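K.L.:
Numbering (my numbering), first residue to last: -12 to 45.
(1) Put residue -6 into one of helix, strand or coil per three-state DSSP.
(2) Using the rule of at least 16 other Cβ atoms within 10 Å of the residue's Cβ for burial, across every protein chain shown, is residue 40 buried or exposed?
(3) With burial defined as no fewer than 16 other Cβ atoms inside 10 Å of the residue's Cβ, what is the status of residue 7: buried or exposed?
(4) Go through its chain and collect everything with a Cβ distance to residue 27's Cβ below 8 Å, but skip five positions before and after it.
(5) Would residue -4 and residue 23 qualify as a contact pair, given that the criterion is a beta-carbon distance under 8 Å?
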């Protein structure tokens, strides 16, 4: 059975979330296109919010 690849925007959001959880700065966004960059930053903001309310700890 073939694995279906997630679309690039979903992957960008996931990578941004992972970066936010690990405490990386939003300046480290690896995406240049506005759509992917926006998704990455959205994931990053979501993770920062989750960290601030204590959902994730190191």
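For every residue, glycine included, the Cβ atom is placed at its ideal position computed from N, Cα and C.
Treat the numbers as computed from the prediction; the structure is a model and nothing was measured.
P.N.:
The relevant details are as follows:
(1) The residue given as residue -6 occupies position 7 in the chain shown. Looking at residue -6 - three-state DSSP - the assignment turns out to be coil, as it is neither helix nor strand.
(2) By one-based count along the chain shown, residue 40 stands at place 53. Flag for residue 40 reads exposed.
(3) Translated into positions along the chain shown, residue 7 becomes position 20. With 16 or more Cβ atoms within 10 Å of its Cβ, residue 7 is classed as buried.
(4) To locate residue 27, count along the chain shown from 1; it is residue 40. Around residue 27: -1, 0, 2, 3, 6, 16, 17, 18.
(5) By 1-based counting over the chain shown, the position of residue -4 is 9. By 1-based counting over the chain shown, the position of residue 23 is 36. Against a cut-off of 8 Å, the Cβ pair of residue 23 and residue -4 comes out as a contact.
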